[in-house]
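First the structure, in the form of structure tokens, and then the observations on it.
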Ligand SMILES: [Zn+2]
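Protein chains in written order, with the working numbering: chain A, 1 to 217; chain B, 218 to 433.
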């Protein structure tokens, strides 16, 4: 049965390997092949240009479980996280034409949608009028060039590498800053340090992150 | 003009993560409009958010979630409904930044000799403490401190305090360690957009002056 999937080029296999997991499907163990950043961009463009349902199904299979997981980690209940995940995926479908691959990768774009939906939930404003200022559906200023897109793809990879390079304490600080509404308290608890020293630890972690992001574009 | 004062790393991280309050987020968004360097910094931090999303362990979904989502999509109009109707905003004598186009902006109101303010309302967050401030050339603002962060973006004219000089495009973040006494530059009136974080209160004269009028 190993001939069933397409053979992955080495470069792609390289990207996939760290996260490749075994999932149980119909009783048989199969490898879940994660789409590459380039593939996710192509899928979003297929949704934007052709309302391609198969492309959307693949985006859904990849993003929905991760968005839900992210929202649960941010403190939403399973049921609410699933509701918000559905809203996020609907926004992905409807706003795909606003995705600007010259500005950021597909994961980053979906992250910003999930972030804004989470803000709406936490503010309990069921009105759809919350102003986010950073709206991923703001029109791109100019169409991105191939060079922009290549640069963004590189950044995406550089960021993943940077996260992996941070010390575990600094990576924890950065992650908790994304998950938690009140990150300082949670960072203090998680690292077992007094609240008063959190601010300087956060500053150090962000300095380090900035150095890594600047040096490895 | 070169921008000398930028939001801190932590402020941009909080904006990227979605944990910065609506008022400060507006002030930083205005800064970003004029500052390519900070837009780049923010893009890097949002990409960190994307990387964190990517590495999340997938959570199990209800079996019918995809089906239900497709059903909801069937019933929707093909393009998103735009709520881009510009708010009615009074003529304040300045061009408001794009980031403020969906804000409710009040008329200039008297606050003291040569000193005016205008209330800025943010859709979805009635608690946000944001205002435009206008001081005439040479005005000495009352000395003040704050219990939390104060964000201030210069829109026109200039300001200075014990820590530096602020020109259009500059964003100043003052924390609870800062007690300052801003002075408006001699050349022209100064207009800036200011926000206080969460339950931050001003103390000193300015607090006593503003609290009964502005409510914070
Ligand atoms: Zn800046």
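Yeah, the Cβ is synthetic: ideal placement off N, Cα and C, and Gly gets one too.
Worksheet item: Given a limit of 9 Å on CB to CB distance, which residues of the stretch 87-99 of chain A reach chain B?
Response: Result list: 89, 90, 91, 93, 94, 95, 97, 98.
Worksheet item: When you compare each of 409(B), 425(B), 369(B), 375(B) to residue 224(B) by their alpha carbons, which one comes out closest?
Response: Position 7 of the second chain holds residue 224(B). It is 369(B).
Discussion item. When you compare the CB of residue 253(B) with every CB in chain A, is at least one pair closer than 7 Å?
Written reply: Working through the second chain from its first residue, we reach residue 253(B) at position 36. False, the Cβ-Cβ gap to chain A never drops below 7 Å.
Fill in: residue 261(B) and residue 178(A) closer than 7 Å at C-beta
Here residue 261(B) corresponds to residue number 44 of the second chain, with the count starting at 1. Here residue 178(A) corresponds to residue number 178 of the first chain, with the count starting at 1. No, the pair does not count as a contact, with Cβ atoms beyond the cut-off.
Practice prompt. Using a threshold of 7 Å, state whether the C-beta atoms of residue 399(B) and residue 378(B) are closer than that.
Written response: As a first step, residue 399(B) is located in the second chain; it is residue number 182 there, counting from the start. As a first step, residue 378(B) is located in the second chain; it is residue number 161 there, counting from the start. Yes, the Cβ-Cβ distance between residue 399(B) and residue 378(B) is below 7 Å.
Practice prompt. Answer yes or no: does any C-beta atom of chain B fall closer than 7 Å to that of residue 76(A)?
Written response: As a position in the first chain, residue 76(A) is number 76, starting the count at 1. No, no contact with chain B.
Fill in: Distance between beta carbons of residue 349(B) and residue 410(B), contact taken as under 8 Å
Position 193 of the second chain, counting from 1, holds the residue named residue 410(B). Position 132 of the second chain, counting from 1, holds the residue named residue 349(B). About 6 Å; that satisfies the 8 Å criterion.
Worksheet item: What are the residues of the stretch 242-275 of chain B that lie near chain A, defined by any Cβ-Cβ distance shorter than 9 Å?
Response: Taking 9 Å as the cut-off between beta carbons, the residues of the stretch 242-275 of chain B near chain A are 242, 243, 245, 246, 247, 249, 258, 259, 260, 261, 262, 263, 264, 265, 266, 267, 268, 269, 270, 271, 272, 273, 274, 275, in sequence order.
Worksheet item: Any idea what DSSP makes of residue 424(B), helix, strand or coil?
Response: Taking the second chain and counting its residues from 1, the one referred to as residue 424(B) is at position 207. Helix.
Worksheet entry | Separation of residue 96(A) from residue 365(B), as counted between CA atoms | The count along the second chain starts at 1 and reaches residue 365(B) at position 148. The count along the first chain starts at 1 and reaches residue 96(A) at position 96. The alpha-carbon atoms of residue 365(B) and residue 96(A) are separated by roughly 39 Å.
Practice prompt. Pull up the CB-CB distance for residue 345(B) and residue 250(B), whole angstroms please, since I reckon it's below 8 Å.
Written response: Translated into the one-based positions of the second chain, residue 345(B) becomes position 128. Translated into the one-based positions of the second chain, residue 250(B) becomes position 33. So it is not a contact: roughly 19 Å between Cβ atoms.
Practice prompt. Using a cut-off of 7 Å between C-beta atoms, extract the partners of residue 290(B) located in chain C.
Written response: Protein chains A and B are contained in the structure displayed, whereas chain C is not.
Worksheet entry | Neighbour list for residue 437(B) in chain A, Cβ cutoff strictly below 7 Å | Nothing can be reported for residue 437(B), as the shown portion of chain B is limited to 218 through 433.
Discussion item. Would residue 372(B) and residue 337(B) qualify as a contact pair, given that the criterion is a beta-carbon distance under 7 Å?
Written reply: Counting from one through the second chain, the residue named residue 372(B) turns up at place 155. Counting from one through the second chain, the residue named residue 337(B) turns up at place 120. Against a cut-off of 7 Å, the Cβ pair of residue 337(B) and residue 372(B) comes out as no contact.
Worksheet item: Taking 7 Å as the CB-CB cut-off, is residue 66(A) touching chain B?
Response: Position 66 of the first chain, counted from the first residue, corresponds to residue 66(A). Yes, its Cβ sits closer than 7 Å to a Cβ of chain B.
Discussion item. Beta carbons nearer than 9 Å to chain B: which residues of the stretch 176-187 of chain A have them?
Written reply: For the stretch 176-187 of chain A, which is checked against every Cβ of chain B, the residues closer than 9 Å are 177, 178, 179, 180, 181, 182, 183.
Worksheet item: So which residues touch the region around ligand 1, with touch meaning a C-beta under 5 Å from any heavy atom?
Response: Checking every Cβ against the heavy atoms of ligand 1 under 5 Å gives 223(B), 252(B), 255(B).
Fill in: From 146(A), 105(A), 195(A), 187(A), residue whose alpha carbon lies closest to that of residue 268(B)
Numbered from 1 along the second chain, position 51 holds the residue referred to as residue 268(B). With distances taken between Cα atoms, residue 268(B) lies closest to 105(A).
Worksheet entry | Reduced DSSP secondary structure (H/G/I, E/B, other) of residue 184(A) | Within the first chain, the letter at position 184 stands for residue 184(A). Secondary structure of residue 184(A) (DSSP, three-state): helix.
Practice prompt. May I have the straight-line CA-CA distance separating residue 154(A) from residue 283(B), to the nearest angstrom?
Written response: On the first chain, position 154 is the one that residue 154(A) refers to. On the second chain, position 66 is the one that residue 283(B) refers to. A direct Cα-Cα distance of roughly 31 Å separates residue 154(A) from residue 283(B).
Worksheet entry | Bounding residues of the alpha helix (DSSP H) (the contiguous stretch that carries residue 205(A)) | Counting from one through the first chain, the residue named residue 205(A) turns up at place 205. Element bounds for residue 205(A): 195-215.
Practice prompt. For the alpha helix (DSSP H) holding residue 152(A), just list the boundary residues, first then last.
Written response: On the first chain, residue 152(A) is found 152 positions in, with the first residue counted as 1. Unbroken alpha helix (DSSP H) run through residue 152(A): 146-165.
Item to complete: Could you check if residue 198(A) is buried or exposed, using at least 16 other CB atoms within 10 Å of its CB as the buried criterion?
Response: Walking along the first chain from the start, residue 198(A) turns up at place 198. A residue is called buried once 16 or more other Cβ atoms fall within 10 Å of its Cβ, and residue 198(A) is buried on that count.
Worksheet entry | C-alpha gap between residue 30(A) and residue 275(B), whole angstroms | The residue labelled residue 30(A) in the question sits at position 30 within the first chain. The residue labelled residue 275(B) in the question sits at position 58 within the second chain. Caution applies to residue 30(A), whose pLDDT of 46 falls short of 50 and renders its modelled position unreliable; the model cannot decide the point.
Fill in: Which of helix, strand or coil DSSP assigns to residue 102(A)
Taking the first chain and counting its residues from 1, the one referred to as residue 102(A) is at position 102. It is coil, neither helix nor strand.
Practice prompt. Find out if the Cβ-Cβ distance for the pair residue 55(A), residue 47(A) is shorter than 7 Å.
Written response: Start at 1 with the first residue of the first chain, and residue 55(A) comes out as number 55. Start at 1 with the first residue of the first chain, and residue 47(A) comes out as number 47. Here residue 55(A) is near residue 47(A), since their CB atoms are less than 7 Å apart.
Item to complete: Give the residues of chain B in contact with residue 119(A), contact being defined as C-beta atoms less than 8 Å apart.
Response: For the purposes of this step, residue 119(A) is taken as the residue at position 119 of the first chain. Those are 235, listed as they occur along chain B.
Worksheet item: For the beta strand (DSSP E) that contains residue 382(B), what are its first and last residues?
Response: Looking up residue 382(B) in the second chain gives position 165. Judged by DSSP secondary structure, residue 382(B) falls within the beta strand (DSSP E) whose first and last residues are 381-383.
Fill in: Contacts that residue 72(A) makes with chain B (C-beta to C-beta distance below 7 Å)
Indexing the first chain from 1 puts residue 72(A) at position 72. Here the neighbours are 276.
Worksheet entry | residue 200(A) versus residue 382(B) - alpha carbon distance | Here the question's residue 200(A) lines up with position 200 in the first chain. Here the question's residue 382(B) lines up with position 165 in the second chain. C-alpha separation (whole angstroms): 26 Å.
Worksheet item: Just reading off the beta strand (DSSP E) that residue 362(B) is part of, what are its end residues?
Response: For this step, residue 362(B) is matched to residue 145 along the second chain. Here the beta strand (DSSP E) through residue 362(B) covers 361-363.
Worksheet item: By DSSP, does residue 370(B) sit in helix, in strand, or in coil?
Response: Locating residue 370(B) in the second chain gives position 153, where the first residue counts as 1. In this structure, residue 370(B) counts as strand in the three-state DSSP scheme.
Worksheet entry | Under the three-state DSSP convention, the category residue 344(B) falls into | The count along the second chain starts at 1 and reaches residue 344(B) at position 127. DSSP places residue 344(B) in coil when its eight states are reduced to three.
Worksheet item: Does the distance from the CB of residue 170(A) to the CB of residue 114(A) come in under 7 Å?
Response: Counting from one through the first chain, the residue named residue 170(A) turns up at place 170. Counting from one through the first chain, the residue named residue 114(A) turns up at place 114. Not a contact, by the Cβ cut-off of 7 Å.
Item to complete: My understanding is that residue 362(B) touches residue 396(B), with C-beta atoms under 8 Å, so please give their C-beta distance in whole angstroms.
Response: Taking the first residue of the second chain as position 1, residue 362(B) is located at position 145. Taking the first residue of the second chain as position 1, residue 396(B) is located at position 179. Confirmed, Cβ separation roughly 4 Å.
Discussion item. Can you check whether the C-beta of residue 153(A) is within less than 7 Å of a C-beta belonging to chain B?
Written reply: Locating residue 153(A) in the first chain gives position 153, where the first residue counts as 1. Under the Cβ criterion of 7 Å, residue 153(A) is not counted among the residues facing chain B.
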